[in-house]
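Chemist:
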Amino acid sequence: MFPFFSRSKMSDAPEVNPAPAKTHEPHPLDALTGGAFSAATSGERASRIRDWLATQPAPEQLQEVFKELSGRDKGAARAVRERLDEIRRAKGQEAIAAEWADKAQALLAAPKLNIADALAWQRDAAKAGAPLSREPLSLLKVQLADRVKVIEDLQHRVQVQREAAVLLAQRIEVLSTKPWRDAHAALELLRADVARWQEQAQELTGDASWASVEARFPPLLDASRTQLLVVWEAFQPAVAQAAAAAEDVSAPLPPVPVWADELRAARGLPTEAAAAAAASAAASKPARVAKPKGAPEVIEKAHQLVRDALATLEKETAEGHGKASAGAAAALRAVLKVHGKHIDNALEQQVHTALVAAGELEGWQRWSADQVREDLVAKAEALLNRPEGQALGGRKMQETLRNLRDQWKQADQGGAPNHALWKKFDEACNAAHKVVEAWLDKIRTEAAEHKAQRLALIEEVKAWAQEHAASGDWKAINRSLYQFGDRWREGGHVGEKIFAELQPLWKQAIALAAAPLEAAQKESLARRHAMIDEATALGAAPALRIDAVKALQQRWQAEAQTVPLDRKHEQKLWDAFRKPIDEAFNRKSADRDRAVTELSARDRVVLDASKALEAANSTGDAQQIRAAMQALEAALRGQAQAAEAVATANKDAQSHAEAQANAAPAAPAAPAATEIAAEASAEAAEGGDTAAAAPAPTPAAPKPVARPVVAVRGDDRPGMKKDAPVAPGRGARPGDRRDGRPGDRDGARGPRTDGRMGDRADRGGRFGDRPAFEDRGPRLGDTAFRAQREAMEHAQLALKKLAAQAHGEALTQLLTAWEKRDAALVPGTQDLGSGVTASVRSAWTQALSAAPKGDAAEALLRLEMAAEAPTPAEHIAARRMLQLQLLTRRNDPAPTQTWGQDVARVLASNSDAANARRLQNVLKTLLRK
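For any residue, its number in my numbering is found by taking its place in the sequence shown, counting from 1, and adding 459.
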């Protein structure tokens, strides 16, 4: 019968037919999203989605990807949804920005810009969510701000011009009380100042933004201009008339009393006041010729009282105190009524002069007070005549009226009252106060409504408290209490008296409603403190019970979800509960790390060998470094002789360091370099037999160094030719017998032994004579593994550096020998490397011993071809010509085969810097081959 048997268990390659892998069709959107739908993990999918979003895909693609991805991975789809939301917000903001940009452009295009409208545009745009920080709204906002700044500057300049006009008028009035010559001297300066004021006023009215100035400012500027021109037009002819009267005695006197009295005194005529006093005295007492004389002490007392009152009046007049000067003048008149008959004519003349000056000052104060009152009347009348859209509200109107009335009281204190202006001012204020009354009525009505709403809310809270007294849903109760609090705060404005009445009722109702929740919170606090104590006990226990910790945390979470507490208080409790458990887990992690970091005996041996290798690396001795490397490999294999090898390496390193310390400082470096080069060349010559040359610490042969596995074509089994094809190992059918056919892997295997696994321990048959697996021992710790790896890397780098150093010194010595034509300076074959044989070196020395001859151009070109080194630009044509010639010489050896003879030809020629540099470049490469 046909034999049915399974494949032998001793076969080296089990015959298993692998099931065909499932092929997943790629998602249609994978090409668009960079393979996000075929990602293995959620994190990789989210990373690919973020990379795709960085390419700024279209909104339609975003919508399609979100639709497909939201059902697969919501975490990865969140980034797509956020991008879609951002696009929607951007579209909405663009529409809002366009709308508010049109409004701003309309404001800027209007001939008259209202400051309140410009400020309201920015406020309303911010409330509507318009992007004021982006273009074009940012530019429009700046333009509106500049326009408002210009308008406010114009209004400020109007006020400055108004004050300047008042000061100019005061200067003119003061000059009218001084001698006319002072006024005549200041006439030209005043004329220039008045002209400049008129130019500035004309510049204000001619500004492009003058139409946007508030309505109250143009009348102020016009009034100031009219007042100044009236005073100035009266002052100029008066000064001219005074100058003419001073030159011509028959000319009429000026209308200014002070200047007229001055001119009368200059003509020798009595003043107007003295003439009026004399006329009145003659009319009232025509029979009186002289004042009656009294007692000397009475006359002296009368003079003293009059002089005191006169001094007080002159002082107040000089300081310009209108009200005080009027009181001093009244006091002087009272003294004159009693003691006037006892004073002489000179003192009486001084008294009359002082009274005249005080009367003029009082008249000026009355005029200035009237100007202030007229201004206040204009402001009061303008309260109801404001432009459309700029009407004042109730509170603003109330404050404005209060300020105007206070200013009127201050004006009344500086001068005599003006009943006509007061009547107009009071009527304007009463008309404007109707707005305040309407506002107050509205406030009272709203306050009543708000009070009713608050009372209803209090009753609602009381009813809610009775309804939910037995409820156990503490979260809903806490939420409702917060909502009641928000409604109370948003209940509208009421007066302080009403609020003082309602606040105790509200507190009582809300306390009654919150009483069950507060009791539950108190019990919850007690339970949480108990759980904190349990957590402290669990954390202090020597063995951490994970199940108990999990159960305790679940109890805490259940308690936190049942009874809500204040956020900050609950966070503090949670921190106190978590602290002992975290400390216990940290302590456990520290113990685990400490156990991991404890070194075993094998780790200590490896660490000692690594330190010995590092010490050998620092000495710079290749032989000692190799010995330390072998000791470290022995320690890694866990051999019994590892400790002895490490001790020997340490001892060798110490002895070598002492030898170097005792060596002469002037010892030449060439022998050391020669030894290193010899060792490097010896290693290259030995190839894979380096293990045999290494000194064995024990009679047993050490394990050979495993060569790296290189993938090659053909059969790579031991004993087979790599270029031969692999012979078939079995027949075409599973049941065919294999009885030692060529290529049969079981043909060379002997009969199975009694054991179940046969004689597999010898590792024969399939893998040839490979030695059995050795016991590697326990795994190295992290510290020991890193130390041995770093030591081996440093050792390999040190060996490479020493070999390169030796190679460079040998090349330098060869070039020096060529320059000096001294064959004794040529390095030995060991220093030059394995590529230079003894015959080649002999040819070099013979070339250097003979006199220089020949041309080295062709030899240098052949060397550069052999080393594949670049040729200087001036010799490139010659190199190409030589390459063409070599193509015709088919039987001639290639430059790579004759480079030793070519170097001898170069050394036989004269030495120069250019050829030496070219020879050095090619020998750097050729000596390493």
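Idealized CB from N, CA, C, for every residue including glycine.
Bear in mind the structure is a predicted one, so any value in this text is a computation, not a measurement.
1. Quick check on this structure: which residue in 637, 769, 1005, 1319 has the alpha carbon closest to the alpha carbon of residue 432?
2. In this structure, how does DSSP classify residue 711 when only helix, strand and coil are distinguished?
3. Could you spell out where the alpha helix (DSSP H) holding residue 975 opens and where it closes?
4. I'd like to know if residue 1085 contacts chain C, where contact means its C-beta is closer than 7 Å to some C-beta of that chain.
5. What is the DSSP secondary structure of residue 1368, counted as helix, strand or coil?
6. Alpha carbon to alpha carbon, what distance is there between residue 627 and residue 664?
7. Following the continuous alpha helix (DSSP H) through residue 1283, name the residue where it begins and the one where it ends.
8. Only counting the same chain, and skipping five residues up and downstream in sequence, which positions put a Cβ closer than 7 Å to that of residue 839?
9. Roughly how many angstroms lie between the CA atoms of residue 678 and residue 692, to the nearest whole one?
10. Whether or not the segment 1304 to 1321 and the segment 1354 to 1363 are in contact is what I'm after, with contact meaning three or more pairs of Cβ atoms, one per stretch, closer than 8 Å; do they touch?
11. Do residue 1003 and residue 1047 come within 7 Å of each other at the CB atom, strictly closer than that value?
12. Can residue 1063 and residue 1018 be called in contact, C-beta distance under 7 Å?
13. Would you give the residue range spanned by the alpha helix (DSSP H) that residue 572 belongs to?
14. Assuming the contact rule is C-beta atoms closer than 8 Å, residue 555 and residue 587 should be a hit. Round their C-beta distance to whole Å, please.
15. Could you compute how far the alpha carbon of residue 978 sits from the alpha carbon of residue 940?
16. Go through the segment 568 to 619 residue by residue and report every complete run of the alpha helix (DSSP H) that reaches 4 residues or more, in order.
17. The alpha helix (DSSP H) spanning residue 933 covers which residue range?
18. Drop a sphere of 10 angstroms on the beta-carbon of residue 477, count the other beta-carbons inside from all chains shown, and report buried for 16 or more, exposed for fewer.
19. Can you tell me whether residue 851 is helix, strand or coil according to DSSP?
20. Let me confirm a value: residue 760 is counted as buried when at least 16 other C-beta atoms fall within 10 Å, else exposed. Which label applies?
21. If I'm right that residue 832 touches residue 870 with Cβ under 8 Å, what's the distance once you round it to whole angstroms?
22. Tell me the rounded alpha-carbon separation between residue 1350 and residue 1377.
23. Would you grab the beta carbon distance between residue 1095 and residue 1250 for me? Rounded to a whole angstrom, and I think it's under 8 Å.
24. Inspect the CB distances between the segment 1301 to 1311 and the segment 1266 to 1285 and report whether three or more fall short of 8 Å.
25. When the Cα of residue 846 is compared with those of 675, 1310, 1059, 520, which residue comes out closest?
26. Quick test of your reading: residue 614 and residue 672, contact by CB under 8 Å. State the CB separation rounded to the nearest angstrom.
27. Closer than 8 Å is the cut-off here; do at least three beta carbon pairs connect the segment 699 to 709 with the segment 647 to 661?
28. What are the boundary residues of the alpha helix (DSSP H) that residue 1357 is part of?
29. Under a Cβ-count criterion, where at least 16 other Cβ atoms within 10 Å of its own Cβ denotes burial, should residue 600 be classed as buried or exposed?
30. Could you name each continuous alpha helix (DSSP H) segment of 4 residues or more that falls completely within the segment 880 to 929, going from the start of the chain to the end?
31. Within 8 Å, do at least three Cβ pairs link the segment 554 to 572 to the segment 515 to 524?
32. Where residue 591 and residue 597 are concerned, what is the direct C-alpha to C-alpha distance, given to the nearest angstrom?
33. Do the segment 526 to 539 and the segment 496 to 511 meet, that is, are 3 or more Cβ pairs less than 8 Å apart?
34. Any idea what DSSP makes of residue 802, helix, strand or coil?
35. With H, G and I counted as helix, E and B as strand and the rest as coil, what does DSSP make of residue 868?
36. Once DSSP output is grouped into helix, strand and coil, what is the label at residue 722?
Modeler: Taking the definition as stated:
1. Residue 432 is absent from the model: the chain starts at 460 and stops at 1388.
2. For residue 711, the secondary structure class from DSSP, reduced to helix, strand or coil, is coil.
3. DSSP places residue 975 inside the alpha helix (DSSP H), whose first and last residues are 955 to 999.
4. Absent from the structure is chain C; it holds one protein chain and no more.
5. The answer is coil: DSSP assigns residue 1368 none of H, G, I, E or B.
6. Their Cα atoms are separated by approximately 20 Å.
7. First-last for residue 1283: undefined, no H or E at that position.
8. These residues qualify, in order along the chain: 863, 884, 887, 888, 891.
9. Their backbone Cα atoms lie some 21 Å apart in a straight line.
10. Taking a contact to require three or more Cβ pairs closer than 8 Å, the segment 1354 to 1363 and the segment 1304 to 1321 qualify as touching.
11. Cβ distance < 7 Å, so residue 1047 and residue 1003 count as in contact.
12. Going by C-beta atoms, residue 1063 is not nearer than 7 Å to residue 1018.
13. Residue 572 -> no alpha helix (DSSP H), and no H or E assigned at all.
14. Separation of the CB atoms of residue 555 and residue 587 is rounded to 6 Å, and the pair is thereby assigned contact status at 8 Å.
15. Rounded to whole angstroms, residue 978 and residue 940 show a C-alpha spacing of 15 Å.
16. 574 to 586, all fully within the segment 568 to 619.
17. Element bounds for residue 933: 933 to 948.
18. Any reading at residue 477 must be qualified, since the residue scores a pLDDT of 45, below 50, and its modelled position is unreliable; no value is offered.
19. It is coil, neither helix nor strand.
20. Around the beta-carbon of residue 760, fewer than 16 other beta-carbon atoms lie within 10 Å, marking it exposed.
21. Taking a contact as a CB-CB distance under 8 Å, the pair residue 832 and residue 870 counts as one, their CB atoms being some 5 Å apart.
22. Residue 1350 and residue 1377: Cα-Cα distance of roughly 27 Å.
23. Contact flag wrong, Cβ pair sits at about 11 Å.
24. The segment 1301 to 1311, when compared against the segment 1266 to 1285, does touch it at the 8 Å Cβ threshold.
25. The option with the nearest alpha carbon to residue 846 is 675.
26. Between residue 614 and residue 672, the beta carbon gap of about 6 Å places them in contact (Cβ cut-off 8 Å).
27. Touching, no, given that fewer than three Cβ pairs across the two stretches are closer than 8 Å.
28. Unbroken run through residue 1357: none, as it is neither H nor E.
29. Residue 600 should be labelled buried.
30. Within the segment 880 to 929, no complete alpha helix (DSSP H) run reaches 4 residues.
31. Flag = no, the segment 515 to 524 and the segment 554 to 572 do not touch.
32. Cα to Cα, the separation comes out at about 5 Å.
33. The segment 526 to 539 makes contact with the segment 496 to 511: 3 or more CB pairs, one atom from each, lie closer than 8 Å.
34. Note: residue 802 maps to coil in three-state DSSP.
35. For residue 868, the secondary structure class from DSSP, reduced to helix, strand or coil, is helix.
36. Residue 722: helix per DSSP, three-state reduction.
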